[in-house]
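Here the structure comes first, spelled out in structure tokens, and everything after it is commentary.
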Amino acid sequence: MPEVPFPRFPRSFVAGMVPFIVAGLIIFTSYPLTKVPFPHPVIFYLSLFFSVVVVTGVIGYENLVEELGFDVTQHGEKLEEVWWRYIVFSLFGFVFAYTTYKIAMSKTLGYSLIPLPIDFAIAHSLLAYPFVVSFVNWIVVALFEEIQRNAGSFIFANWLAHRFKLSKDASIVGGVFLGSVMFILLHTVAWSQTASLASYIFGIFMAMSFSLLGYSLATRLLGPISFFEFSIVPGVVAHFTWDLLVDMNLRVLPGPLAMLALTW
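Take any residue in the sequence shown, note its place counting from 1, add 324, and you have its number in my numbering.
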């Protein structure tokens, strides 16, 4: 059997597409079946929940936990020895999200690089609820969406290696690109009233950044620090930070929170 980058993941293109297809079907059939217009938080949660359930079924629960990057320990390491990695990765994710958010929302660009218009739609639907509800909401959304995107990317990487006999590096770059394209495409077509080509490309860049940067650092510089860990831990933090800043922008919170969200 040809070597694939991630032996514990499937190597089928269909398997990589399934999480995005499941989420899309729930979103696009929600109104005909329930008469509840999208965007609606509950429908969005259901699409993410069943997408992650499918991911777990495709790759297995053990692989989901151990291979997707929630555990930053390597072979022979104990968590108490490397707990600081969570802090470093989380800080990196926060800085990246805040920087890209300010670029996308700058007055100079006229909001032309907003990559995920669905974030604004969901945030707008949550304005009637207390801020703490939005806070928890974005944690759940960030976690589930990063599982969805990363799992799809790694499966696509295996498919490219198996189908086209690409090198490991080329397969991973291609897999992350395909996973990011599908992830942003799902968001764009689900709520595309403010989408543009520039915002779509910017969104793909954001989605790919941690996976490819993490892979480069793991293989070229940091050695034992796993590609998976760098991909998902800062990815979840960045995703959560971005969505929370969007929510705060719409709410225009007073004090330091508003300064954080609305000024450099």
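The beta-carbon is built from N, C-alpha and C at its ideal position, and this holds for glycine as well.
- Pro558 sits buried, since 16 or more C-beta atoms from the chains shown fall within 10 Å of its C-beta.
- Approximately 19 Å separates the beta-carbon atoms of Gly348 and Trp483; this is outside 8 Å, ruling out the contact.
- The alpha-carbon separation between Tyr524 and Leu509 amounts to approximately 8 Å.
- Ranking Val412, Ala485 and Leu467 by CA distance to the CA of Phe337 puts Ala485 first.
- Taking C-alpha positions only, Gly527 is separated from Phe416 by approximately 18 Å.
- Inter-residue distance for Ile463 and Leu490 is about 36 Å (C-alpha atoms, whole angstroms).
- Between the region 469-482 and the region 379-390 there are three or more C-beta pairs closer than 8 Å, enough to call the two in contact.
- Look at the beta carbons and you see the region 563-570 touching the region 465-472: at least three pairs across the two are nearer than 8 Å.
- When C-alpha distances from Ser555 are compared across Val457, Val419, Ile471 and Ala452, the shortest belongs to Ile471.
- Taking the Cα positions, Lys492 is about 6 Å away from Pro329.
- Closest by C-alpha distance to Asn573, out of Ile383, Tyr425 and Phe374, is Tyr425.
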